[in-house]
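Asker:
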Amino acid sequence: MGTIGNFGSRIIFETSDRRILTFSGMTQKISGKYAKHSIIGQKDRAEFTGPGNRSVSFKIILDVSMGIRPREIMDSIETAVETGEVEYLVIGGRPVGSNKYYISSVSEAMDVVMGRGEIVRATLNISMEEYV
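The number in my numbering is simply the position in the sequence shown, starting from 1, with 258 added.
(1) Mapping the DSSP letters down to three states, classify Val322 as helix, strand or coil.
(2) Can you tell me which of Ala380, Arg303, Ser282 puts its alpha carbon nearest to the alpha carbon of Asp333?
(3) Could you name the residues of the same chain whose beta carbon sits closer than 8 angstroms to that of Gly350, not counting the 5 residues immediately before and after it, in chain order?
(4) Applying the 10 Å Cβ sphere with the 16-neighbour rule, what's the burial state of Arg276?
(5) Can you check which of these residues, Met324, Ser315, Thr341, is closest to Ser212 by C-alpha distance?
(6) Is it right to say Arg374 is buried, meaning 16 or more other beta carbons lie within 10 angstroms of its own, or is it exposed?
(7) Please name the residue, chosen from Val378, Tyr389, Gly325, Ile319, that lies closest to Phe281 on a Cα-to-Cα basis.
(8) Within the same chain, show all residues whose beta-carbon is closer than 7 angstroms to that of Asn357, passing over the 5 residues directly before and after it, in chain order.
(9) Which two residues bound the contiguous alpha helix (DSSP H) that contains Ser362?
The following block contains the structure:
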């Protein structure tokens, strides 16, 4: 089994012969904070006041054919959002940044739904913010 990374124990990104759960399109935003000071007759002066909070977003495809139970993972992620859970986001054995993250939002698309409402395939877009 190859573990790609994790968000605490809530989401484990991995590939094996029985289960594939990965992400795609991961983007990270790193910023600084600046105060602007107005000066009459001149352009504003910027003053660096510290680092901004990092943010991360990525897409996950949950598919029964990959050994995944989409509804279980969706419920788990929804719980993390609604309870304000904070965990380290680890990719390739290294934490992303030096602080924990929380899931600020998740959008869910139920791509394939079978009889009795069983979700066979879903796409999740997850956004996380650094928790300081």
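Built from N, CA and C at the ideal position, the CB exists for glycine as well.
Answerer: Put simply:
(1) It is helical.
(2) Relative to the Cα of Asp333, the nearest Cα in the group Ala380, Arg303, Ser282 belongs to Ala380.
(3) In chain order, Ile262, Gly263 place their CB closer than 8 angstroms to the CB of Gly350, counting only its own chain and leaving out the 5 sequence neighbours on each side.
(4) Arg276 is exposed by the Cβ-count criterion.
(5) For residue 212 there is no data in the structure shown, the boundaries of the chain being 259 and 390.
(6) When all chains shown are included, Arg374 counts as exposed.
(7) Among Val378, Tyr389, Gly325, Ile319, the Cα nearest to that of Phe281 belongs to Ile319.
(8) If we look at Asn357 and ignore the five residues flanking it on each side, its Cβ neighbours are Glu388, Tyr389, Val390.
(9) That residue, Ser362, is in no alpha helix (DSSP H); its beta strand (DSSP E) goes 358 to 371.
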